[in-house]
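Protein chains: 2
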Amino acid sequence: MPDLTKQKKAAGKLIEFGMVRHTADDLIHRDHADKNEHPLRFQGQGKILLALSQTDGLSQRDLAARLNLTAQSTAEFVNKLVKKQLVTKEKSTTDRRKTIIHLTDLGRATAATETAEVPEFLNVLTDTELDQLAAILTKINASLYDEINTANPTRFDKFQQTVTNHLRDWFL
Amino acid sequence: MPDLTKQKKAAGKLIEFGMVRHTADDLIHRDHADKNEHPLRFQGQGKILLALSQTDGLSQRDLAARLNLTAQSTAEFVNKLVKKQLVTKEKSTTDRRKTIIHLTDLGRATAATETAEVPEFLNVLTDTELDQLAAILTKINASLYDEINTANPTRFDKFQQTVTNHLRDWFL
DNA sequence: AATTTTAGTCAGGGGGACCTGATTAAAATG
DNA sequence: CATTTTAATCAGGTCCCCCTGACTAAAATT
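From first to last, the protein sequence lines are chains A and B.
Everything in the first sequence is counted per the working numbering, starting at 147 for the first residue and increasing by one.
Everything in the second sequence is counted per the working numbering, starting at 147 for the first residue and increasing by one.
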């Protein structure tokens, strides 16, 4: 069993990291006349974008199912994304009840960008530290996946698929 | 200069961590009939609580200044916390314009609890990994502090003070 | 004493993540 | 063909973070 003191220390640093990062983001976004903010977390509109960048052309219904959202929430997010010109809606020709959502170039770029840029703070780490960090996070993530899977296997499938597919390009 | 591939890999893991953690939290909070959710990030009501647990009895004005919020936002958060019985408001006797905010026992406990518990996912790490993680986060945090300081020195002071004071107990 | 600054309040707004309920239009099915 | 299921939509709600504008009451200044 791991040393509790070490755990606490790491936990504290993690909390601190969250706070500091949030504040740093805040400053940067606020100053630069932030047109499109981009936290793009695995939430709301961000979720939709991620799912679409994995599989473009899904129907709202599909998105809702895959992301564990109600049809209404999904519609709301999609509409917001349409306003931001990140996705488009069009009726399916084969089943005219369905609305197919497509990423626009901007949407694709946004989703990719999010993912494409390495946060500057990683520049301060050495190669060894980067390796260590990646290894540690891999373990932590695995443990969290496990937790999700135990709590809700159905949801786990959809989630894990979306996430890992999205991030696959990162690990080549 | 560090290896870009390693940076990307670590960055990807970090993003993944964010997503997975969010989803895991989600599941847990949703299921357990979540009375008081606890993200308590460095935002909104959480900010107030953190600042007060560092220095109790601040006026709203002080809080606003220290947390880079408008007086109105501060008032809103404070009022919400009052409703949740986490803080109390009382007029200052020396300057009757001022309202002094105090943490209630519950408020103090909440702020502490947040901070007191080690996330379960740290259990999967070995002592060595915990040390590595702490060391890495220390570097990253320092770099982010730097960024904040460069962008906005005034804000940095207030922020850094609040955060490090709050987390000081963690590192004894 | 008159004016100005300061601490708060109220009102209202913008954006975000979600949800339930009711309704419509188009498929699927008996 | 009539009914039922399905994909979406509208309407309305809850809560969160945060801001600007207008206004009051109490100190500080002139």
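Yeah, the Cβ is synthetic: ideal placement off N, Cα and C, and Gly gets one too.
_By the three-class DSSP mapping on this structure, what secondary structure does Glu236(A) have?_
strand
*Note down, in chain order, every chain A residue with its Cβ under 9 Å from the Cβ of Asp303(B).*
Near Asp303(B) there are no residues of chain A at all, since even the closest Cβ is about 12 Å away, more than 9 Å.
*Quick one: grab the DSSP three-state call for Thr245(A).*
In this structure, Thr245(A) counts as strand in the three-state DSSP scheme.
_Contact list for the segment 274-287 of chain B against chain A, Cβ threshold 8 Å_ = Glu275, Leu276, Asp277, Gln278, Leu279, Ala280, Ala281, Ile282, Leu283, Thr284, Lys285, Ile286, Asn287
*Decide yes or no for the touch test of the segment 155-168 of chain B against the segment 280-290 of chain A: beta carbon pairs closer than 8 Å, at least 3 of them.*
yes
*Taking Cβ to Cβ, would you say Gln206(A) is nearer than 7 Å to Thr240(A)?*
No.
*Leu196(A): first and last residue of the uninterrupted alpha helix (DSSP H) it sits in*: 190-200
*asked:* By the three-class DSSP mapping on this structure, what secondary structure does Leu215(A) have?
replied: coil
*Local conformation of Asp180(A) per DSSP, three classes*: Unreliable placement is indicated for Asp180(A), whose pLDDT of 42 sits below 50; no coordinate value is reported for it.
*What residues match up with Leu204(A) in a beta bridge as DSSP calls it?*
Ile247(A)
*For the putative contact between Arg254(A) and Ser199(A), defined by C-beta atoms under 8 Å, what is the C-beta separation to the nearest angstrom?*
Contact flag correct, Cβ pair sits at about 6 Å.
*If you count every other CB in all the chains shown that lies within 10 Å of the CB of Leu209(A), and 16 or more means buried, which is it?*
buried
*Could you confirm whether any beta carbon from chain A is found closer than 7 Å to the beta carbon of Pro148(B)?*
yes
_Neighbourhood of Gly190(A) by C-beta, 6 Å cutoff - its chain only, sequence neighbours within 5 removed_ = Phe223
*Could you name the residues of the same chain whose beta carbon sits closer than 7 Å to that of Asn295(B), not counting the 5 residues immediately before and after it, in chain order?*
Phe302
*Span of the alpha helix (DSSP H), counted from its first residue to its last, around Thr272(B)*: Careful: Thr272(B) lies outside any alpha helix (DSSP H) and carries neither H nor E.
*asked:* Between the alpha carbons of Leu279(A) and Leu213(B), how many angstroms are there, rounded?
replied: 31 Å
*Can you find a C-beta in chain B that's less than 7 Å from the C-beta of Gly190(A)?*
So no, Gly190(A) is outside the interface.
_Which residues in chain B have a C-beta closer than 8 Å to the C-beta of Pro265(A)? List them in chain order._
Contacts between Pro265(A) and chain B, judged by CB atoms closer than 8 Å, involve Ala157, Leu160 in chain order.
*asked:* At the 7 Å Cβ level, is Met194(B) part of the contact set with chain A, yes or no?
replied: For clarity, residue 194(B) is Ile in the given sequence; the question names Met instead. No, its Cβ sits nowhere closer than 7 Å to a Cβ of chain A.
*Anything in the segment 212-236 of chain A with a Cβ closer than 7 Å to a Cβ of chain B? List those residues in chain order, please.*
none
*How many whole angstroms separate the CB atoms of Asp404(A) and Pro148(B), which I take to be in contact at a CB cut-off of 8 Å?*
In the structure as shown, chain A starts at 147 and stops at 318, and residue 404(A) therefore has no counterpart that could be examined.
*Can Ala297(B) and Leu173(A) be called in contact, C-beta distance under 7 Å?*
yes
*With a Cβ-Cβ cutoff of 7 Å, do Thr250(B) and Thr234(B) count as a contact?*
It is a contact, given that the beta carbons lie within the stated cut-off.
*Which two residues bound the contiguous alpha helix (DSSP H) that contains Gln307(A)?*
299-313
*Relative to the C-alpha of Leu227(A), which residue among Lys152(A), Thr201(A), Leu196(A) is closest?*
Leu196(A)
*Given a cut-off of 7 Å, decide if Leu290(B) and Ala157(A) are closer than it, judged by their beta-carbon atoms.*
no
*Exposure of Gln231(B), with buried meaning 16 or more beta-carbon neighbours within 10 Å*: exposed
*asked:* If we define contact as Cβ-Cβ less than 7 Å, is Asn182(B) a contact residue for chain A?
replied: Legend: pLDDT at Asn182(B) = 47, less than 50; position of this residue unreliable, no value from coordinates given.
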